[in-house]
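As you go down the protein sequences, you meet chains H and F in turn.
Heads up: the first sequence at position 513 corresponds to 513 in our numbering, and the numbers run straight through without jumps.
Heads up: the second sequence at position 61 corresponds to 1061 in our numbering, and the numbers run straight through without jumps.
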Amino acid sequence: MSIIIDVAAEFTGKKAFKQAETATDKLTKSAKSLGKALGVSLGTAAILGYAKASVKAAADDQKAQKQLALALKNVGLERDAASAESYIQRLQSEFGVVDDLLRPAYQQLAVATGDTAKTQKLLGLALDLSASTGKDLSSVTGALSKAYLGNNTALAKLGVGISKADLKTKSFEEITSQLAKTFKGAAAESAATFAGSIAKLGVAAANVKEIIGKGIIDALVVLSGDKTVSNLATDMENLATYTADVIRGFGLMAAAIQKIPGIGGLTGANIVQAIPILGSYITLLNQAGAKTRRIEEVANQKNPIQSGSYLNKTTATTTKSQKELLKVTAAQLKLAKAKSIFDLQKIQIEAALKGKISEEDRIRLKLMQAIQDENISQIDTYTKALSEVQAKVITLQATLSEVYSMDVGNPFIAWEIGLDGVKRALIEVGGQSIELTNTIAQNSLAAGLAGGASFAQALSGARYAAQAAAAAGISGATGVMPQVPTAGSGGTAGSTAGVTINTTVQGSVIAQNDLNQAINDALAQSGWAGSAIGYSRQAVITAI
Amino acid sequence: MPVSVKGGIELRKALRAYTPDLAKQMPKEIATALKPVVKVAKGYLPDNGSILSGWRTRDNYTGRFPLYDASAAKRGISYKTTPSKPNNRGFRSLARLFNKSAAGAIYETMGRKTPSSQFVQNQNSKYAGEFKGQNKDRGRVLFRAYEEDRGAARDGVLRAIEKASKDFKKATA
């Protein structure tokens, strides 16, 4: 036990607060309060120290990028290097994990899986596990990569709630699915906390350091005319001293400008731009520096949308990129040619061309073939030929429409008249020839047929017309209409007209057969009496 | 209660990094402010003759209760100007006084909670210093000296820190 009296103390917080302080200190040192610190308390040594740290950070970052790209190339994922970098940058800003940790993790998983999609999925899972369990990302990533390769021991040691039985029986996909379900959103939730926000600020500070370091390296390389950074230490120290003095001067000038009435609200770059004459020079320098940076970004294919606008054809880097692009294009053409051998569509066109086709179809097929081959000259040729053929077709259609519109009458009308005569003379009915000698009957028959009636209906009509004419005393009936036998039970066409026989049935009629018998008897008696009556349904119906 | 200071630790780091001379100067000035309290506190410790004979230090003692030795107790009263580790409430001390000997600490605080115990009564009957201070900051030696100092040491410490800060700004401007 000892007695202690604190005369003066400073609140520094507990562990979490200490992390916050560390991160905030970093940020204060590196970014936001840089200008303030320069103007107030920091000296040349601080600037020099910061510059060195920034250059080191930029160099380390570049080295890490190259190592990752090389590792991806070695496992056959070279084309995914750019997407891997962008994915890492996204994770960095989203979850507040620095790229110095993410790149080795990505590399480890990529080497294990050899697949970009799986790598990114597992890295996301690793972040969740790391955030939830508190274990560092490299341990989690190592465990996952080992588990992917079949060694589940490290995964069991993570203490993520996977039993030994599960590890033995379940597949890696099943285990990772279970883990993803269990720890879903842990990293995002962690990033949303205060500590996560501080981590994000820490990431931003680290990025600021890298960016500034990159700028210093570029500037020094330009100044020294050397392409390496190995001999730049002396230049860097001299430049840092000079820069520190200049920045300190800027701080004083900015403070003075802010005191001028009316422009006190200016901040950041606006203050520099407000400096007479010098401000415009600085702005020009800023634009030149920014353009140089963008040229490099485009050359590195970080910003392909802007390609062309910032490309400087005189730079060796750009020329190299263009040559590589040409190589890729040539390779693509070769590949397309090889593919054409097995192109089913082309085969079908060839087969169609060998068949019997019209000239227009042939030209169309040739045009399709040219389009498939991407042969521009042939496409032009066949397009012209097709246009000519289509023009000819249109001309022919116009000519035909003119011909159809001419009223030349029916050239076979004389034949129709002759056939009418034949129809009048001979009518085929059930294999028998019937000669119509009555003019009225002939005309009625012809009119009925012309009106669309069936032959039986027309003949019936003709017969009634002849009978009506005879009843009315109209001449022209030169013979007697023969009764045309009807087939089956059809109607009253076969019945004779005007004979009525009344008979009285003696006794009782109970069934239909009794009635039929009575009628037959009456008809027979009538026949015996000399009346020639045909047997027909009409007669029966009348009797009824 | 200590005075809460902001940026003191950062100031010390900055001083050490950029102005080593000032970094050495500040602790000296703080020490100057604290030394009088220490001196007075040492004077409040009783000599070996004023202590209960059974509590007095002796050879071949095998017990666990710490025996009183006036010289050891005086050595135990001192000050520090280096920042401490954070305590359980997150505070780091920039300047502090302490009475680190066990027997000295016992003499400092005995009777605060159990004034009627036999040991306290016996010692009081022989020799007892005056309690000064309030609540937990109540004692016979260091607390008494600090209380009687009436904040002079505290003001001296703050003045030293402020002076170092101003000098640092001047040196780096």
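Glycine included, every Cβ here is placed at the ideal spot set by N, Cα and C.
Here the structure is a predicted model, which is why all the values come from computation and not from measurement.
* Asked: Rounded C-beta distance between residue 165 of chain H and residue 155 of chain H? I'm assuming under 8 Å.
  -> The Cβ separation is near 14 Å, so there is no contact.
* Asked: To the nearest angstrom, how far is it from the Cα of residue 396 of chain H to the Cα of residue 383 of chain H?
  -> The alpha-carbon of residue 396 of chain H is positioned some 20 Å away from that of residue 383 of chain H.
* Asked: Mapping DSSP to helix, strand and coil, what is residue 305 of chain H?
  -> Its pLDDT being 48, under 50, residue 305 of chain H is placed unreliably in this model, and the value from its coordinates should be taken loosely. Reduced to three states, the DSSP call for residue 305 of chain H is helix.
* Asked: For residue 75 of chain H, which option in H:96, H:56, H:82 and H:111 has the closest C-alpha, if you only look at C-alpha atoms?
  -> H:111
* Proximity test, Cβ basis, 9 Å: residue 1083 of chain F and chain H -> yes
* Asked: In chain F, which residues lie with their C-beta within 8 Å of the C-beta of residue 61 of chain H?
  -> What residue 61 of chain H touches in chain F: nothing, since even the nearest Cβ is about 26 Å away.
* Going by alpha carbons, who is nearest to residue 1164 of chain F out of F:1002, F:1004 and F:1013? -> F:1013
* Asked: What is the C-beta distance between residue 203 of chain H and residue 65 of chain H, in whole angstroms, given that I count them as a contact (C-beta under 8 Å)?
  -> Approximately 16 Å separates the beta-carbon atoms of residue 203 of chain H and residue 65 of chain H; this is outside 8 Å, ruling out the contact.
* Could you name the residues of the same chain whose beta carbon sits closer than 8 Å to that of residue 1210 of chain F, not counting the 5 residues immediately before and after it, in chain order? => Since the first and last residues shown for chain F are 1001 and 1173, residue 1210 of chain F lies out of range.
* Report yes or no: is there a C-beta of chain H within less than 9 Å of the C-beta of residue 1064 of chain F? => no
* With distances taken from CA atoms, which of F:1156, F:1027 and F:1041 is nearest residue 1108 of chain F? -> F:1041
* Asked: What are the partner residues of residue 958 of chain F, as DSSP defines its beta bridges?
  -> With chain F covering only 1001 through 1173, there is no way to say anything about residue 958 of chain F.
* Asked: What whole-angstrom Cβ distance do residue 84 of chain H and residue 72 of chain H have, given they're in contact under 8 Å?
  -> With 8 Å as the limit, residue 84 of chain H and residue 72 of chain H qualify as a contact, their Cβ atoms being about 6 Å apart.
* Are the beta-carbon atoms of residue 1174 of chain F and residue 1076 of chain F separated by less than 9 Å? -> Absent from the model: residue 1174 of chain F. The displayed extent of chain F is 1001 to 1173, so no value can be given.
* To do: Please go through the region 1032–1076 of chain F and give each complete alpha helix (DSSP H) segment of 4 or more residues, from N-terminal end onward.
  => 1070–1075
* **is_contact[residue 2 of chain H, chain F] using C-beta, thresh 9 Å** => yes
* For residue 1071 of chain F, which residues in chain H fall below 8 Å Cβ to Cβ? -> Per Cβ cutoff of 8 Å: no residues; residue 1071 of chain F is ~17 Å from chain H at best.
* Asked: Is there contact between the region 1155–1171 of chain F and the region 1117–1137 of chain F, where contact requires at least three CB pairs shorter than 8 Å?
  -> no
* To do: Compare the C-beta of residue 1115 of chain F with all C-beta atoms of chain H and state if any pair is closer than 9 Å.
  => no
* Asked: Do the region 512–519 of chain H and the region 1037–1055 of chain F meet, that is, are 3 or more Cβ pairs less than 8 Å apart?
  -> Touching, no.
* **Every unbroken beta strand (DSSP E) inside the region 1111–1148 of chain F [3 residues or more]** => DSSP runs (the beta strand (DSSP E)) wholly in the region 1111–1148 of chain F: 1132–1134 and 1137–1139.
* Would you check if the region 51–60 of chain H and the region 205–218 of chain H touch, i.e. whether three or more CB-CB distances between them fall below 8 Å? => yes
* Taking residue 1097 of chain F and residue 1070 of chain F to be in contact with their CB atoms under 8 Å, please state how far apart those CB atoms are, rounded to whole angstroms. => Rounded, the Cβ-Cβ distance is 19 Å, inconsistent with contact.
* Asked: The beta strand (DSSP E) with residue 10 of chain H in it runs from where to where?
  -> 3–11
* **Per-residue contacts from residue 11 of chain H into chain F (C-beta, under 7 Å)** => 1004, 1090 and 1091
* **Residues of the region 1124–1146 of chain F with Cβ closer than 9 Å to any Cβ of chain H, in chain order** => 1137, 1139, 1141, 1142, 1143 and 1146
* Count the other CB atoms, across all protein chains shown, that sit within 10 Å of the CB of residue 249 of chain H; report buried if there are 16 or more and exposed otherwise. => Residue 249 of chain H comes out exposed.
* To do: Would you tell me roughly how many angstroms separate the C-alpha atoms of residue 322 of chain H and residue 295 of chain H, rounded to the nearest one?
  => 14 Å
* To do: Return yes when at least one heavy atom of the ligand FMN lies under 8 Å from the C-beta of residue 103 of chain H, else no.
  => As presented, the structure is devoid of all ligands, the ligand FMN included, so that no description of it is given.
* Name the two residues that bound the continuous alpha helix (DSSP H) containing residue 1088 of chain F. => For residue 1088 of chain F, no alpha helix (DSSP H) run applies, since DSSP gives it neither H nor E.
* To do: Report, in whole angstroms, the separation of the C-beta atoms of residue 137 of chain H and residue 130 of chain H, which I expect to be a contact under 8 Å.
  => 5 Å
* To do: Quick one: grab the DSSP three-state call for residue 389 of chain H.
  => helix
* **Below-9 Å beta-carbon distance, residue 5 of chain H vs any chain B residue** => Protein chains in the displayed structure are H and F, and chain B is not among them.
* Asked: Between the C-alpha atoms of residue 552 of chain H and residue 448 of chain H, what's the straight-line distance to the nearest angstrom?
  -> For residue 552 of chain H there is no data in the structure shown, the boundaries of chain H being 1 and 544.
* Taking residue 8 of chain H as the query, report the chain F residues whose CB atoms sit under 9 Å from its CB, ordered along the chain. => Here the neighbours are 1002, 1003, 1004, 1005, 1008, 1030, 1093, 1094, 1095, 1096, 1154, 1157, 1158 and 1161.
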